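Structure first, commentary second.
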Amino acid sequence: MIPYGHQDISEDDINAVVEVLRSDFITQGPVVPAFEGAVANYCGCQHAVATNSATAALHLACLALDVGPGDCVWTSPITFVASANAALYCGARVDFVDIDPRTYNLSPDRLEEKLRQADIAGALPKVIIPVHLAGQSCDMAPIKRLADRYGVRLIEDASHAIGGRYHGDPVGSCKFSDIAVFSFHPVKIVTTGEGGIATTNDPGLAERLRLDRSHGITRDSALMQSTSHGPWYYEQVRLGFNYRMTDIAAALGRSQLARLNELVDRRHEIAAAYDEAFAGLPLTVPWRQPETRSSFHLYIVRLDLARIRRSHRAIFESLRAKGIGVNLHYIPVYKQPWYRDLGFPEAYCPEAEAYYGDAISLPIFPGLTKAEQQRVIDVLSREVAA
Ligand SMILES: *Cc1c(COP(=O)(O)O)cnc(C)c1O
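The opening residue of the sequence shown carries number 166 in the numbering used here; numbering runs sequentially from there.
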């Protein structure tokens, strides 16, 4: 089976990890801060706080923005469940803003409409979490304008999007948000095994992210409530978690980051070859948002089922049976039983429903060979031929 995604591990990556294993610190040593510095530097932001997953970073980000019981957080329905769960962990409610039919990202137009209504009803969200689906940034400028107008804070779920750009700046620069979060799960652009990171330009938010990452414990006397009892002294000043990244993981991430541009360039080559091969077929290739460079975490096509005259499921199953490891990103979150039980109706967001009815993610990862890609193209072309 040709998978839809796969990590790309070099000999340098392996050596970087082994070096940490032979060193004095396999966690909480010098490599995590070095990796954080490298990510901050790449993104052009002030602070980066590494965690053991993007889910943990999203949770910390919500806490840093004081999301709690009585608050509401809005996100996209076409995302991994973690984007929404982070708000539920804080005791907040979640709601969904429908997607744009061309980018499949949270629609700024739907957002404007929903904010206007929520304002009238006195039910504005505290935080919005736009998700950069497939690695293509949401249109953050209008989203930021709306957030500022209504006093809402923004967390970018950039899990897919490290190495992407928006208006010339790297995703994660936080020019249009309070905090951005990347995932380093092995299917994402760069990996640390499990891992994530939050970037921000706000020193207060960075401090909260750091505190809550490690039990709410501080050794900084400026943050303590009492005077030090001695050199052993530390204080727990908040109820935090153990969401720390290890030095082992950070070494892998730092080594991978050095190849980030190369990895994204390779993904663009694959995407361009798909675009060319699929021209004229009854399917829609990924839209390229102007002034945006995707990281191409995913290559998502929409099948024109009216012309193909076969079902989405039949084509999906047939591709899998022929060794093409296609996937579907994602089931609209409100359809999950946990969310249904919170009261969301079956077909809550029409554009997300339409997307779910005809989208397919094709294999895209740096190690995909030309022969493998040709096989994907040949098989899919035959499947959709009328
Ligand atoms: C992968 C992913 C996450 C969660 O990342 P983890 O590092 O696995 O916790 C969150 N949001 C989106 C959109 C993702 O794709």
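Where is the CB? At the ideal position from N, CA and C, for every residue including glycine. Predicted model only: the values in this text are computed from it and were never measured.
Within the model, the alpha-carbon separation for E184 versus A199 is close to 14 Å. Around the beta carbon of G405, 16 or more other beta carbons lie within 10 angstroms, which makes this residue buried. Between V238 and V292, the C-beta gap is smaller than 7 Å, which places the two residues in contact.
Under DSSP, W239 shares a beta bridge with D260 and I293. For the pair of segments examined, the segment 405 to 420 was found to touch the segment 170 to 189: the number of CB pairs separated by less than 8 Å reaches three.
Cβ contact annotation for M389 (same chain, cutoff 6 Å, sequence separation greater than five): E400, in chain order. With a cutoff of 6 Å, A199 does not count as near ligand 1, since its C-beta is closer than that to no heavy atom of the ligand. Contact annotation: P242 and Y504 have beta-carbon atoms that are not nearer than 7 Å. Look at N206 here: in three-state DSSP terms it is helix. For M305, the closest alpha carbon among the candidates P455, H212 and A249 is that of P455. H212 carries a strand assignment under DSSP once its states are collapsed to helix, strand and coil. DSSP, reduced to helix, strand and coil, places D334 within a strand of the structure shown. Here P335 is buried, its C-beta having at least 16 other C-beta atoms within 10 Å.
For G170 against V352, the beta-carbon gap comes to about 4 Å, under 8 Å, which counts as contact.
Taking S342 as reference, the option from Q421, A517, G287 and D322 with the minimal CA-CA separation is D322. Cβ atoms of A363 and A226 come within 8 Å of each other, at about 5 Å. Taking 6 Å as the cut-off, the C-beta of T244 counts as close to a heavy atom of ligand 1. Distances from the alpha-carbon of G194 to those of D412, W397 and A479 put D412 closest. Taken in chain order, the whole beta strand (DSSP E) runs of length 3 or more contained in the segment 435 to 470 are 464 to 468.
With 16 or more other Cβ atoms inside 10 Å of its own Cβ, R467 counts as buried. Within the chosen limit of 6 Å, ligand 1 does not reach the beta carbon of G170 with any heavy atom. The DSSP-derived three-state label of D231 is coil.
Nearest in C-alpha terms to I174, of all of T220, H350 and A326, is H350.
Of the other Cβ atoms in all chains shown, 16 or more fall within 10 Å of the Cβ of A222; this residue is therefore buried.
Burial of F461 is indicated by the presence of at least 16 other C-beta atoms within 10 angstroms of its C-beta.
In this structure, DSSP gives G300 a helical state, which the three-state scheme calls helix. Distances from the CB of D322 to the heavy atoms of ligand 1 include at least one below 6 Å. Around the beta-carbon of K309, 16 or more other beta-carbon atoms lie within 10 Å, marking it buried. Looking at the backbone, the Cα of C210 and that of N366 are separated by about 6 Å. Within 10 angstroms of the beta-carbon of Q172 lie 16 or more other beta-carbons, which makes it buried.
Annotation for G360: no alpha helix (DSSP H) segment contains it, and DSSP assigns it neither H nor E.
For A414, the Cβ stays outside the 6 Å cut-off from all heavy atoms of ligand 1.
Between Q301 and T457, the C-beta spacing is below 7 Å. Where A524 is concerned, the enclosing beta strand (DSSP E) starts and stops at A524 to L527. Where L186 is concerned, the enclosing alpha helix (DSSP H) starts and stops at E176 to L186. DSSP, read as helix, strand or coil, puts S324 in coil.
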